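Here the structure comes first, spelled out in structure tokens, and everything after it is commentary.
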């Protein structure tokens, strides 16, 4: 699946994020977090939703979750409120 937004494209088959055609390197969990957030853009995604989808229910520290969310925000130049605020 190819998602396009602003000047970005997220290719789920190739697991690539590009901005104006330039590849943006992402850690696998950051890619998964972005993909999940985009697929569920019509609703608020909870912390439990993210843990189940990205970490498959494994126990993850708040700092790991926050760092991956911040990396996803940085990758797309989004404000703090744009992606997965843990609740």
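Residue numbers (our numbering): 76 to 162. For each residue, glycine too, the CB sits at the ideal point set by N, CA and C. If you're wondering where the values come from, they're calculated on a predicted model, not measured in any experiment.
The DSSP-derived three-state label of residue 139 is helix. 107 is the residue among 81, 107, 84 whose C-alpha sits nearest the C-alpha of residue 127.
Rounded to whole angstroms, the separation of the alpha carbons of residue 124 and residue 85 is 20 Å.
DSSP places residue 123 in the helix class (H, G or I) of the three-state scheme.
Residue 134 carries a coil assignment under DSSP once its states are collapsed to helix, strand and coil.
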